[in-house]
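Asker: Residue numbers (my numbering), protein chains in the order written: chain A, 10 to 415; chain B, 12 to 253.
Ideal Cβ positions, reconstructed from N, Cα and C, are used throughout, including at glycine.
Note that the structure is a prediction, hence the values are computed from the model and not measured.
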Amino acid sequence: MIGDMLHEAWSAMGANRTRTFLTMLGMVIGVGAVILMLAIGQGAQKRVEDSIASMGSNLFIILSGSVTTGGVRLGGGATPTLNAADAQAISELSSVSAAAPMVPGSAQLVYGPNNWGTQVTGTTPSFLTVRDWGLSAGFPFADSDVRSATQVVLLGQTVVQNLFGDEDPIGKTIRINNSPYTILGVLAKKGQSLDGRDQDDTAVVPVTTAQRKLFGTRFGGSVRFIMAQADSDDAMPRVEIAINELLRQRHRIREGAEDDFTVRNMTAMADTAAETAQVMSLMLGAIASISLLVGGIGIMNIMLVSVTERTREIGIRMAIGARGNDILLQFLLEAIIISVIGCFVGVLVGVGGALAVELLAGMTVLITPISIITAFAVAAAVGIFFGWYPARKAAGMRPIDALRYQ
Amino acid sequence: MNTPVIHIEHLFKEYVTEAGAVPVLKDVSLTVNQGEFLAIMGASGSGKSTLMNIVGCLDVATSGQYLLNGRDVSTLTGDELAHLRNQVIGFVFQGFNLLPRVTLEENIALPLIYRGVPRAERLARANALLDRVGLGAHNRSRPNQISGGQQQRIAIARALVNEPKLLLADEPTGNLDTKTSYEIMDIFSELNQRDGITIVLVTHEPDVARYAQRLIRLSDGRIVYDGAVAHAGPEHLEPASS
Ligand SMILES: Nc1ncnc2c1ncn2[C@@H]1O[C@H](COP(=O)(O)OP(=O)(O)OP(=O)(O)O)[C@@H](O)[C@H]1O
Ligand SMILES: [Mg+2]
Numbered sequence: 010m011i012g013d014m015l016h017e018a019w020s021a022m023g024a025n026r027t028r029t030f031l032t033m034l035g036m037v038i039g040v041g042a043v044i045l046m047l048a049i050g051q052g053a054q055k056r057v058e059d060s061i062a063s064m065g066s067n068l069f070i071i072l073s074g075s076v077t078t079g080g081v082r083l084g085g086g087a088t089p090t091l092n093a094a095d096a097q098a099i100s101e102l103s104s105v106s107a108a109a110p111m112v113p114g115s116a117q118l119v120y121g122p123n124n125w126g127t128q129v130t131g132t133t134p135s136f137l138t139v140r141d142w143g144l145s146a147g148f149p150f151a152d153s154d155v156r157s158a159t160q161v162v163l164l165g166q167t168v169v170q171n172l173f174g175d176e177d178p179i180g181k182t183i184r185i186n187n188s189p190y191t192i193l194g195v196l197a198k199k200g201q202s203l204d205g206r207d208q209d210d211t212a213v214v215p216v217t218t219a220q221r222k223l224f225g226t227r228f229g230g231s232v233r234f235i236m237a238q239a240d241s242d243d244a245m246p247r248v249e250i251a252i253n254e255l256l257r258q259r260h261r262i263r264e265g266a267e268d269d270f271t272v273r274n275m276t277a278m279a280d281t282a283a284e285t286a287q288v289m290s291l292m293l294g295a296i297a298s299i300s301l302l303v304g305g306i307g308i309m310n311i312m313l314v315s316v317t318e319r320t321r322e323i324g325i326r327m328a329i330g331a332r333g334n335d336i337l338l339q340f341l342l343e344a345i346i347i348s349v350i351g352c353f354v355g356v357l358v359g360v361g362g363a364l365a366v367e368l369l370a371g372m373t374v375l376i377t378p379i380s381i382i383t384a385f386a387v388a389a390a391v392g393i394f395f396g397w398y399p400a401r402k403a404a405g406m407r408p409i410d411a412l413r414y415q
Numbered sequence: 012m013n014t015p016v017i018h019i020e021h022l023f024k025e026y027v028t029e030a031g032a033v034p035v036l037k038d039v040s041l042t043v044n045q046g047e048f049l050a051i052m053g054a055s056g057s058g059k060s061t062l063m064n065i066v067g068c069l070d071v072a073t074s075g076q077y078l079l080n081g082r083d084v085s086t087l088t089g090d091e092l093a094h095l096r097n098q099v100i101g102f103v104f105q106g107f108n109l110l111p112r113v114t115l116e117e118n119i120a121l122p123l124i125y126r127g128v129p130r131a132e133r134l135a136r137a138n139a140l141l142d143r144v145g146l147g148a149h150n151r152s153r154p155n156q157i158s159g160g161q162q163q164r165i166a167i168a169r170a171l172v173n174e175p176k177l178l179l180a181d182e183p184t185g186n187l188d189t190k191t192s193y194e195i196m197d198i199f200s201e202l203n204q205r206d207g208i209t210i211v212l213v214t215h216e217p218d219v220a221r222y223a224q225r226l227i228r229l230s231d232g233r234i235v236y237d238g239a240v241a242h243a244g245p246e247h248l249e250p251a252s253s
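#1: Could you please tell me which residues of the region 17-28 of chain B, in chain order, have their CB closer than 7 Å to any CB of chain A?
#2: Return the residue from the list B:Val113, B:Ala243 and B:Leu171 that minimises the CA-CA distance to leucine 226 of chain B.
#3: With DSSP collapsed to three states, give me the class of glutamate 254 of chain A.
#4: Considering alanine 62 of chain A, what are the terminal residues of the alpha helix (DSSP H) in which it resides?
#5: Let me check understanding here. Comparing Cα to Cα, which of B:Thr214, B:Pro175 and B:Ala72 lies closest to asparagine 186 of chain B?
#6: Hey, how far is the Cα of valine 356 of chain A from the Cα of alanine 384 of chain A?
#7: Taking Cβ positions only, does isoleucine 210 of chain B come closer than 8 Å to chain A?
#8: Quickly, what does DSSP pair tyrosine 26 of chain B with across the bridge? List them, please.
#9: For the beta strand (DSSP E) that contains valine 112 of chain A, what are its first and last residues?
#10: Under 8 Å Cβ to Cβ from leucine 92 of chain B, same chain only, skipping five residues before and after it: list those, please.
#11: Going by C-alpha to C-alpha distance, which of B:Leu178, B:Thr114 and B:Asp142 sits closest to glutamine 156 of chain B?
#12: Kindly say whether arginine 28 of chain A, judged by its beta-carbon, lies nearer than 8 Å to any beta-carbon of chain B.
#13: Is alanine 158 of chain A near arginine 233 of chain A, with beta carbons less than 8 Å apart?
#14: Taking C-alpha atoms, which residue in B:Gly58, B:Gln98 and B:Leu22 lies nearest to glycine 330 of chain A?
#15: Could you check whether the Cβ of threonine 61 of chain B sits closer than 7 Å to any heavy atom belonging to ligand 1?
#16: Does the beta-carbon of phenylalanine 150 of chain A have 16 or more other beta-carbons within 10 angstroms, so that it is buried, or is it exposed?
#17: Suppose you measure from the CA of isoleucine 70 of chain A to the CA of alanine 386 of chain A; what does that come to, to the nearest Å?
#18: Just curious, the alpha helix (DSSP H) that phenylalanine 102 of chain B is in, first and last residue?
#19: Rounded to the nearest angstrom, what separates glycine 33 of chain A and isoleucine 306 of chain A at their Cα positions?
#20: Name the chain B residues whose beta carbon is nearer than 9 Å to that of arginine 401 of chain A?
#21: Can you pull the chain B residues whose beta carbon is under 7 Å from the beta carbon of serine 20 of chain A, in chain order?
#22: Which chain B residues are close to proline 408 of chain A, counting only those with a beta carbon under 7 Å from its beta carbon?
#23: Run through chain B and tell me which residues come within less than 7 Å of glutamate 318 of chain A, C-beta to C-beta.
#24: CB of arginine 413 of chain A to nearest heavy atom of ligand 1: below 7 Å?
#25: Tyrosine 77 of chain B versus chain A: which residues are under 9 Å apart at the beta carbon?
#26: Given 7 Å as the limit, tell me if tyrosine 26 of chain B has its C-beta closer than that to any heavy atom belonging to ligand 1.
#27: I want to verify the contact list: residues of chain B whose CB lies under 8 Å from the CB of methionine 312 of chain A, in sequence order.
#28: With distance defined between alpha-carbon atoms, name the residue in B:Gln45, B:Gln204, B:Ile167 and B:Leu229 nearest to glycine 81 of chain B.
#29: Please classify serine 348 of chain A: is it buried, with 16 or more other beta-carbons within 10 angstroms of its beta-carbon, or exposed?
#30: Helix, strand or coil, according to DSSP, for glutamine 166 of chain A in the structure here?
#31: Give the single residue among A:Thr90, A:Ala146, A:Ser380 and A:Leu164 whose Cα lies nearest to the Cα of arginine 259 of chain A.
#32: Answer yes or no: do glycine 223 of chain A and glycine 131 of chain A have a C-beta to C-beta separation smaller than 8 Å?
#33: Buried or exposed for phenylalanine 148 of chain A, please, with buried defined as at least 16 other CB atoms from any protein chain shown within 10 angstroms of its CB.
#34: Please state the DSSP three-state secondary structure of isoleucine 210 of chain B.
#35: Hey, serine 300 of chain A and alanine 42 of chain A are a contact pair by Cβ (cut 8 Å); roughly how many whole angstroms apart?
#36: Is DSSP giving serine 202 of chain A helix, strand or coil here?
Below you can see the structure in the form of structure tokens.
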């Protein structure tokens, strides 16, 4: 019986191919848009989550200057108040697994005829712990290198790529700002940071080397900022308070006076970023859903026209014994078939579109089975929902009125 | 005593239009027994089709009683009426009312779909009927590929596919030439005589009416003659205009 009904619905759709096609197109575009938008949204979300994971966990950044009304007063720590000893002291706090002083700056790296400008950061070996960053080759510099400010360097993958190509860089000497540095190791690949920077486009030297030789900081032993890692998520609030107290003490800040530093909970900021990404992803999906709704209304519209056009046919069927439900099912099936086939093609279009976006625009896209299953469920629901009213209308006709209809 | 196939008492029908209620059938009473062959004549607008539609369960009376095989039709649900139209009544329309998109065999088989008969059996029965109405070779044609007379045969075949006890035909030869009309009427005669099917047929043509045994003459919504065709006077057999 249902097989006969499907056959009937199919031949009715075939009888008006152009219209069936156009109605389906509405569904195809709707579903395609939802799949594509979800793929882009979830791709962006995944990218954010990946860069958060690459940032290191339970992370604090301590900057020079205080947060007053309107953000960090001394942007980026223009008047440095932090030094490597602060970092050392922080690392000795309980529940702090590591802390690293950071002295970043840009520099020109030269190897043979090759030349590459990048960010060079002076820090201590703790840096690798804080950032959960391993080496893909070689070995890190030691605390003794920091003590004696040796001219050694760790290179990020992008820098290696640009200076060495396929050549093995370990043990080679490059010139940084015209001074020779020995390459000890190569950092593992990290990918993009939250703000879209290439984290592998970097070089790392001992903090003392950066301070005394590379950048010659205005204030002797000062550092731009400190990165610290708590040993667990639960310890974060406690550690934040402890760092605050410690630094106020070390900087001899009187009761009631303003801090000359700022402690930022990076994990909390990352959570916010992740949430934002998720909301964006949902919003993209929601906007695309509107086109699905429009597609559904298109189905309803066409089904209403179809019911009116086929009033006589409905009358004939009723006159020879079709029940209301037979007619209802017939029109409902047509609507469902249109929406499900439309959905199927829409999924293909959406997936194809997403791959094209990834390939052409270089955006990260993510297609999950859930979004495809959801699209099918929604399409079937749209078919039933928007097919119901026209089908009901057909089934509710009186046989004699339907037969007389001109 | 046998239950009459059709038993109508004091039936009234009025149509509600913008201009108000238009009475069309005015106190019609009629009993038709199993195996009868009845012709209904009357001027255009006298209410013949209205009566046929009510008898065929396509429309309902405004008041009065209609018992079909002893059951009061006004108490039945929509699905029960659909069941009667499907299996008890065969209806042949003046305008054939075939589905244009569908092949002839499928047109004939259509009522069987709503009875849940499997496709193979449906087509077998449809083809048997196609042979019976002399169109066996046309099973795969569509309605617009055959003549009016042939379409009417298909419509008759469709009405017969569920082996109804009652066959209703509203001007089945109205659109056909004389020769074709006689061929169609021969089919009706055979159905009545050989298969014992009760037939009620509306016509304007005295020659067609003579195939029946009994004649009903409607005039302005009332029955003005009810008796044997053989005894009907010329005024009751005259074609049009009252
Ligand atoms: N749906 C309707 N609404 C209003 N009036 C109607 C409707 N159907 C029929 N009528 C009126 O009822 C009267 C009887 O119509 P009916 O179709 O029964 O006549 P008939 O005897 O079959 O005529 P004909 O020989 O021309 O087919 C006519 O006056 C017609 O105008
Ligand atoms: Mg009529």
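Answerer: According to the structure data:
#1: Within the region 17-28 of chain B, not one residue has a Cβ closer than 7 Å to any Cβ of chain A.
#2: B:Ala243
#3: In the structure shown, glutamate 254 of chain A sits in a helix (DSSP, three-state: H, G or I).
#4: 26-64
#5: B:Thr214
#6: 8 Å
#7: For isoleucine 210 of chain B, no CB of chain A lies under 8 Å from its own CB, so it is not counted at the interface with that chain.
#8: DSSP lists B:Val33 as partners of tyrosine 26 of chain B.
#9: 105-120
#10: Beyond the five residues adjoining it in sequence on each side, leucine 92 of chain B comes within less than 8 Å, by CB distance, of Cys68 and Val84 in the same chain, given in chain order.
#11: B:Thr114
#12: no
#13: Not closer than 8 Å, so no.
#14: B:Gln98
#15: yes
#16: buried
#17: 46 Å
#18: That residue, phenylalanine 102 of chain B, is in no alpha helix (DSSP H); its beta strand (DSSP E) goes 100-103.
#19: Note on residue identity: the sequence assigns methionine, not glycine, to residue 33 of chain A. So the two alpha carbons sit approximately 12 Å from each other.
#20: By Cβ distance, chain B contributes nothing, its closest Cβ being about 14 Å from arginine 401 of chain A, past 9 Å.
#21: Arg112
#22: Within chain B, the residues near proline 408 of chain A are Leu69.
#23: Result: empty, since nearest Cβ-Cβ is about 12 Å, beyond 7 Å.
#24: Correct: arginine 413 of chain A has its Cβ closer than 7 Å to ligand 1.
#25: Those do not exist, as tyrosine 77 of chain B stays about 15 Å from chain A at its closest Cβ, beyond 9 Å.
#26: yes
#27: Neighbours of methionine 312 of chain A on chain B: none; closest Cβ ~17 Å, over 8 Å.
#28: B:Gln45
#29: buried
#30: If DSSP states are grouped into helix, strand and coil, glutamine 166 of chain A belongs with the helices.
#31: A:Thr90
#32: Note on residue identity: the sequence assigns leucine, not glycine, to residue 223 of chain A. The answer is yes: Cβ separation under 8 Å.
#33: exposed
#34: strand
#35: 5 Å
#36: coil
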